[in-house]
Every structure is written in structure tokens, then in C-alpha cells.
Amino acid sequence: MPPTGLTSIQIRQGHPDFLDLPWHLPLAEWEGHSSRLVQVPRGLSRHEVLFVSYGRAIYALKELPPRLGQREYEALRGLEERELPSVRAVGLVRARTSEEVGGEESSVLITLFLEGSLPYRTLFMNQGLERYRERLLDAMASLLVRLHLGGFYWGDCSLSNTLFRRDAGELQAYAVDAETSEIHEKLSDGQRQQDLLIMEENVAGGLADLAAVVQLPRALDVYETGTHIRKRYERLWEEINKEIPVAKNESYRIHERIRALNDLGFSVGEVDLVAQPGVSDHLRMRTIITDRNYHRHQLHNLTGIVAEERQATLLLNELQELRATLTRELNRSIPLSTAAFRWLEERFHPTIQQLQPVVGTTEVSEVYCQVLEHKWFLSEREKKDVGLQRAIVDYMELRKRQKDLTMNMLLLGGPASPSLPRAEPAPAQAPIRAGDGRQEPPGGGA
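Below is the structure:
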């Protein structure tokens, strides 16, 4: 009889070897056989999935037939090479768990757990996350646009196959499952439309299952939500891919177009100018989009901070405000890099240090953005700028009250995640978003 256990393992550099895991057993039988098993928020999956921890890193293990495991591993690597939003493949394992003659091997795909991510069911099952529920429409639409721009045909887009990360009051979506996917140089309109059709059907199914256990927001109708996502997708796709006429003396329109795409968060790799048929003095401008991380790249280059796209936008706005203040006070132009250094030393790092007793060291960019939004709320309420320090102190008091309330409710057997007190919403800055076009102050669950 063939021996059971590990038969081959393929692990990328910089990660554990995973040799101490009980590979002689199917994942469904690992409970009690490994101390590395951990519980994290998770969605539904048609395959067996477990999570293991090595130090501060958490890894997801998914059991698949060997052919599907190899296909998904390669697809996720392709997504990573194109810098598209997805989980990162770490390794692929083959193991035999049956001692029967001719017992087939199974494969286990290993991915790095996306820190701070939430499955869609958690957004609806946990109190304190209400403000994010309607945001998933724009998050899903934006995700599909980014994937399709990168030549990625998903083939099984659904809420269950997507993870969400909070991003300064919004959500960013990431692809998790890639078993049915294909990567091309460019997708045809037919492939894009097929992917959207599958998305609409899967979203309806996912929300129908969820509606059986929780009450959905009115804006997320079971049978209309997929259509709303498609419409948002089509608006964003059209805006990104449209061509505009440019006269020979209108070079400023090139900069306007690039700036408009940057405001949507997209980086522009190339600008093509081609002759417009029948018009001798006009050109048509077509922009080549590289990714939707424009502000993330800019913030990281200036400060070294890794943030989500909308977080980066808010932080860059504050950095630009500081630059304008310094320019006015010193009566001379200040480089943005100089303002970034002052901002880190005088605002960002001191604020994060003060907040550590109530929020720890995780999601520091998201927490800082919540403080900025809280500062806006206090200033709006008092009709004056209350200053950053006042906002920090008040925010910490709110978080402490939330923590105390959570403990009391746990002792009484009530809900474990009450939300922070709400304020009147602030105007939104994103040009395309879900809901009623308004932004809320910081909620619970950060």
C-alpha cells in the first residue's frame, strides 16, 4: 500500500515550510492534531478550508483536486504579477490521505490571509459594521473593472469569492477564488459581459441565502443588487475607456484627463494621440490605465506608509493642507517631500502612538482616517476647527466607552459588537460610490 502523507510541496521564499502540519490526514480531520489551527472570519466555501498561524502571519489552506489546485495557484500568481487585487498564493501541497491501493492524491492551496479582511456575511451578521454594507456595490464594481482591465476573466464572481477591507469609510474588494478563471492579454466584450452575467446570478443567490437569516438593507434588494453593480461597473468602465477629441492648441485637456482618472484612483501608464478621421487639426486621446493604486503609490513613495486607496487619498489631502500652511507661514514654496517629513514627525506618528492603548498597532491608517473624520464632525458641530489633539482625545474616549459597553453586553449575553455613537454624515469625496452619496463618521468594528 502507498504511504500516506506529504508527497510534494511547493513553497515560495519567505514563508514557513509547513512540514509540521498533519498532512497524512484530510483537512476535515485536522482538529485536535495541530496547535496551529486558528479561527478567523470566513465566508462560505464549496471546499474544505482551514487557517493556521505561524507567528503573526495567518495562512488559509484549501483542499482541492490536484488539477484545480495547480490551476488556481497559477491564476493567483498571474494576478499578483499584474498587481491585481487578490489574495496571494504562497504554496501548493500534494498529499495522499488514503492507504487504499491506488488512493488518489489531493492538493492543498496555501494563501496568505488578507489581514483586516472581512467576508460579506460578517458585514451583515455583526453590529458595528452597518455603515459598510451598501458600500459593497461600488467595491464589487471597482474590483471587476480592475480585473477586466488586467485581462482577468473570473468565471465565478460572487460575494462568497470576495473579501472586503475597510478603507476610510469605504470598502476595497479582493478576489479570493480563481478556480474557473482565465488570464488573457485583453478581454473581449463577450467575455466581460459573460462575467457580469455570472456575477449578477451569483450575487442574487448569495443575498437570497443571507436574507433567510438577517434583514438586508433596503438598498440591497436580492434580485436588483447584481444589476446595480453592473450599472456601476458600466459607468466606471465607460469613464476609463472613453476617447476624447483634442485640438492642436488644447494640450491642457491631456492633463485634465489624467487628473480626472487620478481622482478616480487610477494610474495612467500611457497617453495615445491618434489622428481623428476627417478632421485635420484634431486628435483623439486614449489613455492606458495601469492600476487603481495611484494614491497608494504616491503616499508610499512620500512616506513609506502602506494604505488602502481611499485611506491614501485622505492622508494625502491632509499632507497637502500642511504643505499649503507651511508655504504660507514661511512665505516660500515647500516641496511635497518636505511637508511629508513634517507630517510624519508632527502628526501621524504622534497620533498613532497616542491611540495605541485603545486600538493597538493594527490598521493604523484606517484608525488615523477615522480620527480625521471625527475631527471634521467635531469642527462642524462647533463651527470652528477643534484641532487634531482635541479629536484624538474625544475619539479615544468613544473607543473606551465602546470597549466597556462590549464587555458589559458580553457578560449579559447580548451582542458583542455595539457601534460607536453616530453623527450626521459628512459629504462624500469619491466621484462614484454606493448608497445615498454621503459619508458617515467612524463606526464600530475598526
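So that you can map any letter, position 3 of the sequence shown is 3 in full-length UniProt numbering, and since no number is skipped, the others follow by simple counting.
Glycine included, C-beta positions come from ideal geometry on N, C-alpha and C.
DSSP-derived helix/strand/coil call for residue i
i, result
"Ser333", "coil"
"Glu80", "helix"
"Phe51", "strand"
"Leu398", "helix"
"Val359", "helix"
"Ser8", "strand"
"Arg46", "coil"
"Asp20", "coil"
"Leu236", "helix"
"Gly269", "strand"
"Pro66", "helix"
"Pro350", "helix"
"Val274", "strand"
"Gln172", "strand"
"His228", "helix"
Distance between residue j and residue i (C-alpha atoms, nearest Å)
i, j, result
"Thr7", "Glu185", "35 Å"
"Ser35", "Val364", "29 Å"
"Ser391", "Thr351", "One point to set straight first is that residue 391 is Ala, not Ser, in the sequence displayed. For Ala391 and Thr351, the distance between alpha carbons rounds to 10 Å."
"Val126", "Leu283", "With the sequence shown as reference, residue 126 is identified as Asn, and Val is not the correct amino acid for it. Using only the alpha carbons, I get a separation of about 53 Å."
"Arg259", "Asp385", "29 Å"
"Tyr252", "Leu210", "50 Å"
"Asn249", "Pro335", "30 Å"
"Lys383", "Tyr395", "18 Å"
"Val213", "Ala339", "50 Å"
"Leu79", "Leu61", "19 Å"
"Ala75", "Ile183", "7 Å"
"Ser86", "Leu144", "11 Å"
"Tyr120", "Leu21", "29 Å"
"Arg328", "Glu373", "25 Å"
"Trp237", "Leu147", "11 Å"
"Gly169", "Val246", "37 Å"
"Trp30", "Gly5", "13 Å"
"Asp17", "Gly55", "13 Å"
"Ile110", "Lys231", "35 Å"
"Glu81", "Leu388", "40 Å"
"Glu134", "Met140", "11 Å"
"Glu346", "Leu25", "54 Å"
"Glu105", "Arg71", "16 Å"
"Ser188", "Leu197", "14 Å"
"Thr225", "Glu200", "8 Å"
"Tyr132", "Ala275", "45 Å"
"His15", "Arg88", "12 Å"
"Ala40", "Leu261", "Going by the sequence as given, residue 40 is Val instead of Ala. So the alpha carbons of these two residues sit roughly 36 Å apart."
Sequence-distant residues of its chain with Cβ nearer than 8 Å to residue i (five each side left out)
i, result
"Thr180", "Trp154, Gly155 and Asp156"
"Arg342", "Leu322 and Leu326"
"Leu68", "Ser107 and Glu179"
"Gln354", "Ile392 and Met396"
"Gly116", "Arg165, Arg166, Thr362, Glu363 and Glu366"
Reference residue i; option with closest CA among the options
i, options, result
"Ser45", "Ser53, Glu63 and Val38", "Glu63"
"Asp177", "Tyr73, Glu29 and Met140", "Tyr73"
"Ser267", "Leu398, Gly5, Glu83 and Gln39", "Glu83"
"Leu92", "Val274, Arg77, Pro85 and Ser86", "Arg77"
"Leu149", "Ile289, His255 and Arg401", "Ile289"
"Leu302", "Leu207, Ile229 and Asn317", "Asn317"
"Ala57", "Leu37, Arg71, Gly69 and Gly43", "Leu37"
"Leu216", "Ser106, Leu136 and Val306", "Leu136"
"Val90", "Arg230, Gln10 and Ser379", "Gln10"
"Leu314", "Gln370, Leu330 and Val359", "Gln370"
"Arg292", "Ile198, Pro357 and Glu308", "Glu308"
"Leu118", "Leu129, Ser158 and Phe164", "Phe164"
"Gln13", "Arg96, His24 and Leu112", "Leu112"
"residue 462", "Arg94, Glu270 and Glu81", "Because the chain in this structure spans residues 1 to 446, residue 462 falls outside the shown range and cannot be described."
"Glu234", "Arg381, Pro66, Phe152 and Gln193", "Gln193"
"Ser337", "Gly304, Asn161, Asn262 and Asp221", "Gly304"
"Asn241", "Glu270, Gly226 and Glu200", "Glu270"
"residue 451", "Val40, Thr162, Trp23 and Leu159", "In the structure as shown, the chain starts at 1 and stops at 446, and residue 451 therefore has no counterpart that could be examined."
"Asn161", "Gln356, Ser333, Leu50 and Arg42", "Arg42"
"Leu123", "Ala173, Leu330 and Leu299", "Ala173"
Any C-beta of chain D under 8 Å from that of residue i
i, result
"Ile240", "Within the model displayed, chain D is absent; a lone protein chain is all it includes."
Own chain residues within Cβ distance below 7 Å of residue i, not counting five before or after
i, result
"His47", "Lys62, Glu63 and Leu64"
"His295", "Gly265, Glu309, Ala312, Thr313 and Leu316"
"Ser53", "Arg36 and Val38"
"Arg257", "Ile244, Met285 and Thr287"
"Leu344", "Thr303"
"His255", "none"
"Gly32", "none"
"Ile229", "Leu137, Met140, Ala141, Met199 and Val203"
Neighbourhood of residue i by C-beta, 6 Å cutoff - its chain only, sequence neighbours within 5 removed
i, result
"Asp272", "Arg286"
"Glu380", "none"
Within the region 286 to 321, ranges of the alpha helix (DSSP H) (whole runs, at least 4 residues): 294 to 303
Every unbroken beta strand (DSSP E) inside the region 87 to 169 [3 residues or more]: 88 to 96, 105 to 112, 117 to 119 and 162 to 167
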